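**Student:** Sharing a structure below in structure tokens format, with a few things to ask.
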Amino acid sequence: MKILIVGGGNMGLTFAQSFINSKIVTHEQMLILEKSMKKANELKKLNIGTVYGEPASYIEDTDLIILAVKPQDISLLFSTIKPFINEQQVVLSIMAGVRIDTIQDHLGLQKVIRAMPNLPSQIGTGMTVFSASDAVTRIELAMVQNLLSASGKTVYTDKELMIDAATAISGSGPAYVFYFMQSMIESAKQLGFSQSEAELLSYQTFRGAIELFNKHDYTCDEWIQKVTSKGGTTAAAFSSFHDQRVKEGFQDGIAAAFARAQELSRV
Ligand SMILES: NC(=O)c1ccc[n+]([C@@H]2O[C@H](COP(=O)([O-])OP(=O)(O)OC[C@H]3O[C@@H](n4cnc5c(N)ncnc54)[C@H](OP(=O)(O)O)[C@@H]3O)[C@@H](O)[C@H]2O)c1
């Protein structure tokens, strides 16, 4: 199976490296098309596959084409690669807000998979939600799921709208976690800890909570009850969170992210 990654930036490089590291594809099977000459030269030094600066007939021999350019660059991308695309090829797009039918219309092929990965994919702990057009076969879908699993966990959905929902949850999600961590760090400093101590307290608390959650079958609510004693400190914090509608505010933020993802997908 020959794979072409179009766009060797953050995500394109992440995928190329995860496929090679997990030995799903060989260097000979990996092709990267990167228009920035500077980045292309850097990619060549990494020796992960053949790097091209321009589209050409080599595209015709690839089985899977992964689109990993910024959404604003798609017009140029579509027009330059279309002459080398054929009906048998499968396209996997990780571009935010670009719908399956847009890709089908512009490239003139039917087999399109759309995926929404997130930043931790870079270190193999990513969360990717993906959906596919009807023309993609089960075998092709399984092959792509296998590739996506090289950078973390995957969830398949048969409703493309759920890609926008995933964008609001796991796509933007790492930023929400950093926002909570940053709030804890700022509070820890106000209470007298140094920057490095505050970062350690915040980071180790998140890590410990997640590992506890993974090790047992309790829900988040049950864990909250385990930490909270009547009239105690956690109860005081939660009483304040409740009064200030912290949970509702957070959920409103996610709803805004979902609305924005839908808006972008309509363009
Ligand atoms: N970063 C994330 O966490 C994340 C998460 C989920 C989804 N995504 C999606 O992943 C996609 C890529 O994001 P990124 O952060 O990896 O972007 P990026 O670092 O800017 O990488 C994109 C690369 O593609 C190159 N490029 C643009 N047009 C091209 C073309 N026609 N042919 C070949 N190469 C081309 C760009 O070159 P120039 O620099 O010269 O323009 C750039 O090097 C985006 O659509 C984004 O929505 C990203």
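Under my numbering, the first residue of the sequence shown carries the number 9, and numbering increases by one thereafter. For glycine and all other residues, C-beta sits at the position ideal for the given N, C-alpha and C. All of these numbers come straight from a predicted model, not from anything done at the bench.
Across which residues does DSSP place Met-38 in a beta bridge pair?
**Tutor:** Residue mapping note: residue 38 aligns to position 30 of the sequence shown, counting from 1. In the DSSP output, where bridge partners are listed per residue, Met-38 has Ile-11.
**Student:** Rounded to whole angstroms, what's the CA-CA distance from Pro-182 to Ile-131? Just pull it up for me.
**Tutor:** Start at 1 with the first residue of the sequence shown, and residue 182 comes out as number 174. Start at 1 with the first residue of the sequence shown, and residue 131 comes out as number 123. The alpha-carbon atoms of Pro-182 and Ile-131 are separated by roughly 13 Å.
**Student:** I think Val-106 touches Pro-63, with their Cβ atoms under 8 Å apart; what is that distance to the nearest whole Å?
**Tutor:** For the purposes of this step, residue 106 is taken as the residue at position 98 of the sequence shown. For the purposes of this step, residue 63 is taken as the residue at position 55 of the sequence shown. Not confirmed; about 18 Å, so no contact.
**Student:** Would you kindly report the start and end of the unbroken alpha helix (DSSP H) that includes Thr-242?
**Tutor:** In the sequence shown, residue 242 corresponds to position 234, counting from 1. Counting along the chain, the alpha helix (DSSP H) containing Thr-242 begins and ends at 241-251.
**Student:** In whole angstroms, give me the CA-to-CA distance for Val-77 and Val-144.
**Tutor:** Looking up residue 77 in the sequence shown gives position 69. Looking up residue 144 in the sequence shown gives position 136. Approximately 22 Å, taken between the alpha carbons.
**Student:** Tell me which residue opens and which closes the beta strand (DSSP E) that Tyr-164 is part of.
**Tutor:** Counted from its first residue, the sequence shown places residue 164 at position 156. Start and end: 160-164.
**Student:** Can you round the beta-carbon distance between Thr-6 and Leu-156 to whole angstroms, since I take them to be within the 8 Å contact cut?
**Tutor:** There is simply no residue 6 to check, as the chain begins at 9 and stops at 275 in what is shown.
**Student:** Taking 7 Å as the cut-off, is the C-beta of Ser-44 nearer than that to any heavy atom in ligand 1?
**Tutor:** Working through the sequence shown from its first residue, we reach residue 44 at position 36. Ser-44 Cβ: within cutoff of ligand 1.
**Student:** Does the beta-carbon of Gln-97 have 16 or more other beta-carbons within 10 angstroms, so that it is buried, or is it exposed?
**Tutor:** Here residue 97 refers to the residue found at position 89 when the sequence shown is read from its first residue. When all chains shown are included, Gln-97 counts as buried.
**Student:** Of the choices Phe-188, Leu-199 and Phe-221, whose alpha-carbon is the least far from that of Ser-210?
**Tutor:** Here residue 210 is taken as the residue at index 202 of the sequence shown, counted from 1. The residue with the shortest Cα to Cα distance from Ser-210 is Phe-188.
**Student:** Taking buried to mean at least 16 other C-beta atoms within 10 Å of its own C-beta, is Met-135 buried or exposed?
**Tutor:** Indexing the sequence shown from 1 puts residue 135 at position 127. It counts as buried.
**Student:** Would Lys-167 and Ser-141 qualify as a contact pair, given that the criterion is a beta-carbon distance under 8 Å?
**Tutor:** The residue you call residue 167 lines up with position 159 of the sequence shown. The residue you call residue 141 lines up with position 133 of the sequence shown. Contact flag unset, no.
**Student:** Let me know the secondary structure DSSP gives Thr-58 once reduced to three states.
**Tutor:** In the sequence shown, the residue the question calls residue 58 occupies position 50. Of the three classes helix, strand and coil, the one that applies to Thr-58 here is strand, per DSSP.
**Student:** Taking all protein chains shown into account, decide if Met-19 is buried (16 or more other Cβ within 10 angstroms of its Cβ) or exposed.
**Tutor:** The count along the sequence shown starts at 1 and reaches residue 19 at position 11. With 16 or more other Cβ atoms within 10 Å, it is buried.
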